[in-house]
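Yeah, the sequence shown ends on 528 if you go by this note's numbering, and it's all consecutive.
Note that CB positions come from ideal geometry on N, CA and C, so glycine has one too.
Data first, discussion second: the structure below is written as structure tokens.
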Amino acid sequence: MSAPEFPAEELENAVSVLQSLIRFDTTNPPGNEREAIEFAATQCEAAGLTTTIVGKSEARPNLVAKWSAGGHRQFSRPLILSCHLDVVPAEAPAWTHPPFSAHNDGTYIWGRGAIDMKGFAAMGLAAITRLRKENLPINRDLIFVAVCDEEAGTHHGSQWLVENHHELLGTNPEYVINEVGGFTVHQKGRRFYPVQVAEKGVAWIRLTVSGTSGHSSLPSEDNAVVHLSKAITAIGSTPLPWHPGKEVKRFIAGFAEPEGPLARALCPLLSHPVIGPKLLPLAVANPSRRRSIEALLRNTANPTSLITHHPINVIPAVASVDIDGRLAPGQSGDDLIRELETITDRIPGVTASYEILEESPSVSFDTDTDLFRNIEEVMADADPEGHLVPSMIPGFTDSRNYAKLGANCYGFYPLQLPEEIDFASLFHGVDERIPIEGLHWGIKTLTRVLRRFLTD
Ligand SMILES: [Zn+2]
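Here's what the structure looks like:
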């Protein structure tokens, strides 16, 4: 498959677009994404796209930019490229270079958002700009979306956009290309490229325990805060049961496939409800990788936020903690609560009640599609020795909202990473940075996918 050369000055321009995006401090909360969104809109307009900026609030808008196929093809279901322009907080003193300086050391661009996910915004803008210059007729609308507020729950961003302006997204888009996938994972000398096709669900739950209120100068045997601490300790130290879905089985099998017959034979045992939990520590030596695989195999429940409203000299009648629960495929918030109840029911003297604050099911997308095959073919050419693996992530992205419009959403943000860079540690980590060469490779790869798919 031969592809036209990508002009060097356009690759260089993508790097400076990324640097400009990083320099807008869009730490969420509070976000303040407007300037970054307006900058992305200017880039889209320069490429000839029609732009709309809409939002729930003035400071936190979203950009929807459209390249219309025109004629009868405008009625085909669109392809969306989606990125979020907010970033998670950065503790500046811990960084080698200030997190919003976008320092270029000749190999990497450093900064919060370089990977997650202003790099993809720059990549998408470069790909669209290139294709516009080639003046190709496209077979469906291509919509570039830059949203706010992904990192703190999507309420101002993709969720609001899907609920209030689905018409801007083509009402029933067929595909969305988004994070988290397409980057290199090095394992035992092999290169893998997970392409995300599934995400765990979310159940944010409040656990409340009760006791007897009273003056805290007196001894108490029924102190809600003490009961709550026992409940938190028990939940925090009890692993929940295995719920392996087809998505995680396929993901694990994809990494085992090139390893040979023994690894392939061990794979199904990892999802066994009794053998799996014992086998996993032996099968996966790397602790951070083991944690990510384990997260996919079961529900998780992390107590994160304690709620107390009382002065220091009053024993409260109730005490609560909010729990960030994540749901395996097929599991609901009620299922997770039942699992937590079996833990807290065993604690003497503790009566726990649970309330779901927010729930969103896991999502899973079809891989038997033209776009997915297209991605497979282009990737096989872009790195002939690489292994593409349909993957699942324990977190969530904007894809969970686009899924409500019936779109197949793929985490495909192609990025060739050198072996010394571990994607997981950069994502939300200190010293987040993106390799310039890997970004250039990604721009060329994404452009090829879009060129082939949109002009078929
Ligand atoms: Zn992200």
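- Item | Option in V320, E329 and N374 with minimal Cα separation from H344 | V320
- Query: Straight-line CA distance for A530 to P313?
  - Reply: Because residue 530 is not part of the residues shown, which for the chain are 73 to 528, the question remains open.
- Item | Nearest-angstrom Cβ-Cβ length linking V248 and S434, presumed shorter than 8 Å | About 17 Å separates the two Cβ atoms, so there is no contact after all.
- Regarding M464 and ligand 1, is the C-beta to nearest heavy atom distance less than 8 Å? no
- Task: Determine the DSSP secondary structure at A373, reduced to helix, strand or coil.
- Result: strand
- Within its chain, find whatever has a CB closer than 7 Å to the CB of M73; leave out the 5 residues flanking it on each side and keep chain order. Residue placement at M73 is flagged as unreliable, the pLDDT there being 45, under the threshold of 50; the coordinate-derived value follows with that caveat. Closer than 7 Å at the Cβ level, and outside the excluded window around M73, lie D453.
- Message: One question on the structure: do L157 and T226 come within less than 9 Å of each other, judged by their Cβ atoms?
- Response: no
- Cutoff 6 Å; reference F78; Cβ partners in own chain excluding five residues on either side: K516
- Query: S129 bridges to which residues according to DSSP?
  - Reply: R132
- Message: Could you compute how far the alpha carbon of G191 sits from the alpha carbon of L351?
- Response: 37 Å
- Item | Cβ contact check for the segment 459-477 and the segment 214-233: 3 or more pairs under 8 Å | yes
- Item | Buried versus exposed call for G332 [16 or more other C-beta atoms within 10 Å across all chains shown] | exposed
- Query: Since Q259 is in the beta strand (DSSP E), which residue starts that stretch and which ends it?
  - Reply: V257 to Q259
- Message: So, with DSSP's three-state summary, where would you put G120?
- Response: coil
- Please list, in chain order, all residues with a C-beta atom less than 7 Å from at least one heavy atom of ligand 1. H156, D188, M189, E222, E223, E251, V252 and T469
- Query: Would T201 be called buried (16 or more neighbouring beta carbons within 10 Å of its own) or exposed?
  - Reply: buried
- Straight-line gap, I384 to H500 (C-alpha atoms, nearest Å): 36 Å
- Measuring alpha carbon to alpha carbon, tell me which of E107, A86 and I304 ends up nearest A529. What is shown of the chain runs 73 to 528, which leaves residue 529 out entirely.
- Query: Per DSSP, which one or two residues make a beta bridge with A270?
  - Reply: S436 and M464
- Query: Whose CA, out of R523, P490, N100 and F111, lies closest to the CA of L90?
  - Reply: F111
- Buried or exposed for F147, please, with buried defined as at least 16 other CB atoms from any protein chain shown within 10 angstroms of its CB. exposed
- Task: Kindly confirm or deny that the segment 115-126 and the segment 432-452 touch, where touching means at least three C-beta pairs closer than 8 Å.
- Result: no
- Helix, strand or coil for A137 per DSSP? strand
- Item | Alpha carbon of T160 to alpha carbon of S309, nearest angstrom | Note that residue 160 is Val in the sequence shown here, rather than Thr. C-alpha separation (whole angstroms): 28 Å.
- Item | Local conformation of E449 per DSSP, three classes | helix
- Message: Give me the residue from I109, P133, V274 and I215 with the minimum Cα distance to D396.
- Response: V274
- Query: Do you know whose CA, among I94, L368, A137 and V390, lies nearest N176's CA?
  - Reply: I94
- Counting only beta-carbon atoms, is L135 nearer than 9 Å to chain C? Looking for chain C here will not work: only one protein chain is present.
- Task: Within its chain, find whatever has a CB closer than 6 Å to the CB of S377; leave out the 5 residues flanking it on each side and keep chain order.
- Result: D394
- Query: When DSSP labels each residue in this structure, what does D394 get in the three-state scheme?
  - Reply: strand
- Message: Can you look up I493 in the DSSP assignment and give me helix, strand or coil?
- Response: coil
- Task: Verify whether the separation of the beta carbon atoms of A162 and R184 is less than 9 Å.
- Result: yes
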